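Novice: Dumping the structure here so I can ask a few things about it.
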Amino acid sequence: MGFSSASQDYVQAHREQIDKALDISSQLQELLNGGKVSDALRRSNPELVAYVELVERYASSFKEAVALVGTLGIDDVGVLARLEQNSRLLHDTLQLSASSELMISYREMQSVEKEYLSNRQEDKIQAVYEAVERLRQGIQQAPQLNATQKAAAWEYLNAYELAIREIINLDAQIRSKISTFDEQAASVSTKVIGLANADVQRSRLEIARTSTLATVLQAMTVLTAVLLSGVIANIFATALKNLQAEQEKSERLLLNIFPEAIAHRLKQEQRTIAENFADVTVLFADIVGFTELSARISPTDVVELLNQIFSAFDRLADRHGLEKIKTIGDAYMVVGGLPMPSEDHAEAIAEMALDMLEEMTCLSTKIGEALSTSRPQHYTIRIGINTGPVVAGVIGTKKFIYDLWGDTVNIASRMESQGIAGCIQVTGATYERLRHKYQFQERGTIQVKGKGEMKSFLLKGRHQDDSP
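At position 394 of the sequence shown (counting the first as 1) the number is 402 in this note's numbering, and the numbers step up by one without a gap.
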């Protein structure tokens, strides 16, 4: 359609100028990055420092213009691609009418579009709008189109017009940016010439190399052609696709490590994340006899066993709206009530604990068969739960981790380590939150390091009225 042919014709006609502009741009970048000026010289020569800052501002304006061209797009991305797509759909719809008048209006609109896209002259903008309006009136009055075809034609024409308006708006922004770095380029050239004259005695060769930048001002019109021809847009569009794929990959990795709310804050470059949560419930689970089992099976089987069990626990955590914190060897830690506070965190943890015991019963047979152990093996877990305040935050400089601290965490860990295989041991704090909805058995008191004797309870199941 108009855009494709206009773009190809323009690039073909200006290939030599485009290559020259790209070469000048490369020289500029090489001089900026090549360390031609020592740090000591930069500090001792204020004029040179001012020049470097000027070039950096110029480079920034150039990048902003390229970003706008990326939005404008080329090929199968950007506004230009949307324009071509709707133009094609409109063409196919109008052909169904077999109306020569409509096709003439359509071709006139295409001709005006191509003329504008070829040279981006502002005086052609009104002609584009008028051609669109003539075709719209023709569609409205065409007896050859039924109601459905008219609706489709209007839809494609409206989308086409919207794309045209976006292109014209982007062109205006690009022209503004180009005007800005035209002025900056003039300042760069003036500054370069001044520096060269001042340094003539010190290094004629350096002057000769640096003076190349004085041609930047004359090259700006050529650089404009590069931007509007779509060459840079094509490169930028490819970069956009690659960047988007990498961003999506990084997003998935980040969400695998941190809670979603914490990941969002890290992306906002919040350096320190540490919060107090007054009321959460922490669960620890440990696979009973795993250390002995791992000594009898291959490392591959060890990893496969843990993967099956912990993957099942991950699914349960998602189901109950809980936050997995970490795994340590064959231990699993999960919490309810953070990073988003909730009223039912103790109930959610209790439900997960009961489901974990059921899951281990189901997994035990499957894992035993898969590992082909010499004798039947029943795999089970110990679970410890406690409710109370914690501190949560992100630690580390390379391998970040979101973790919890406080007595609540330590006591939950003690509830697990001093628990009973196949049972769920909870503290009095958790018991008080759950005793009206769940069945408990009082275990008595246990010795907790740093806390002395503490009363504990075994969670046995749900009350009949509260069974899901």
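Note that the Cβ used here is the ideal one computed from N, Cα and C, for glycine as well.
In this text the structure is predicted, and so the values were computed from the model without any measurement.
Taking buried to mean at least 16 other C-beta atoms within 10 Å of its own C-beta, is Gly427 buried or exposed?
Specialist: Gly427 should be labelled buried.
Novice: Among Val290, Ala303 and Phe298, which has the Cα closest to the Cα of Glu359?
Specialist: Of Val290, Ala303 and Phe298, the residue nearest in Cα terms is Val290.
Novice: In angstroms, rounded to a whole number, what distance separates the CA positions of Phe292 and Glu312?
Specialist: Using only the alpha carbons, I get a separation of about 21 Å.
Novice: Give the range of the alpha helix (DSSP H) segment to which Gly436 is assigned.
Specialist: That run of the alpha helix (DSSP H) goes Gly436 to Leu442.
Novice: In the DSSP assignment, what residue or residues form a beta bridge with Lys411?
Specialist: The residue you asked about is not Lys; residue 411 is Asp in the sequence shown. Answer is Gly401.
Novice: Can you grab the Cα-Cα spacing for the pair Arg323 / Leu412, in whole Å?
Specialist: The straight-line gap from Cα to Cα measures roughly 21 Å.
Novice: Do Leu98 and Ile175 come within 8 Å of each other at the CB atom, strictly closer than that value?
Specialist: Contact flag unset, no.
Novice: Consult DSSP for Asp179 and reduce its assignment to one of helix, strand or coil.
Specialist: Asp179: helix per DSSP, three-state reduction.
Novice: So, using beta-carbon positions, are Asp294 and Ile389 closer together than 8 Å?
Specialist: Taking 8 Å as the Cβ cut-off, Asp294 and Ile389 qualify as a contacting pair.
Novice: Is the beta carbon of Arg6 less than 8 Å from the beta carbon of Lys445?
Specialist: It is not possible to answer for residue 6, since the shown part of the chain is limited to 9 through 476.
Novice: Is the number of C-beta pairs between the stretch 304-318 and the stretch 428-442 that are closer than 8 Å three or more?
Specialist: Verdict: no, contact absent.
Novice: In whole angstroms, give me the CA-to-CA distance for Glu351 and Glu163.
Specialist: Approximately 49 Å between the Cα atoms of the pair.
Novice: In terms of DSSP beta bridges, what is Lys284 paired with?
Specialist: Before going further, note that residue 284 is Asn rather than Lys in the sequence given. Per DSSP, Val399.
Novice: Please determine, among Arg443, Lys463, Lys459 and Ala180, the residue with the shortest C-alpha to C-alpha distance to Gly495.
Specialist: There is no way to answer for residue 495, as the model of the chain reaches only from 9 to 476.
Novice: Near Gly414, what residues of its chain come up, given a Cβ to Cβ distance below 7 Å and the 5 sequence neighbours on each side ignored?
Specialist: Excluding sequence neighbours, Gly414 sits near Pro397, Val398 and Val399.
Novice: Arg470 bridges to which residues according to DSSP?
Specialist: According to DSSP, which records beta bridges pairwise, Arg470 is partnered with Tyr446.
Novice: Could you give the first and the last residue of the continuous beta strand (DSSP E) run that contains Glu130?
Specialist: Unbroken run through Glu130: none, as it is neither H nor E.
Novice: Hey, could you find the ends of the beta strand (DSSP E) Glu331 is sitting in?
Specialist: Segment Glu331 to Ile336, the beta strand (DSSP E) holding Glu331.
Novice: Would Phe152 pass as a contact of Ala106 if the rule is Cβ separation under 8 Å?
Specialist: Strictly speaking, residue 152 in this sequence is Gln, with Phe absent from that position. Against a cut-off of 8 Å, the Cβ pair of Ala106 and Gln152 comes out as a contact.
Novice: Look up Gly392 in the DSSP assignment and give the residues it is bridged to.
Specialist: Per DSSP, Phe292 and Gln433.
Novice: Who does Thr156 pair with in a DSSP beta bridge?
Specialist: In DSSP, Thr156 forms no bridge with anything.
Novice: Closest to Ile333 by CA distance: which of Ile409, Glu92, Gly458 and Tyr137 is it?
Specialist: Comparing Cα positions, the closest option is Ile409.
Novice: With distances taken between CB atoms, is the gap from Phe465 to Gln447 smaller than 8 Å?
Specialist: Not closer than 8 Å, so no.
Novice: What residue from Val402, Leu104 and Ile391 has the CA that sits closest to Ala282's CA?
Specialist: Here the closest residue by C-alpha is Val402.
Novice: Spell out the partners DSSP gives Gln455 in its beta bridges.
Specialist: Answer by DSSP bridge pairing, in chain order: Glu461.
Novice: Closest by CA to Ala286, which one among Leu314, Tyr439, Thr299 and His353?
Specialist: When only C-alpha atoms are compared, the closest one is His353.
Novice: Roughly how many whole angstroms lie between the Cα atoms of Thr299 and Ile317?
Specialist: Using only the alpha carbons, I get a separation of about 15 Å.
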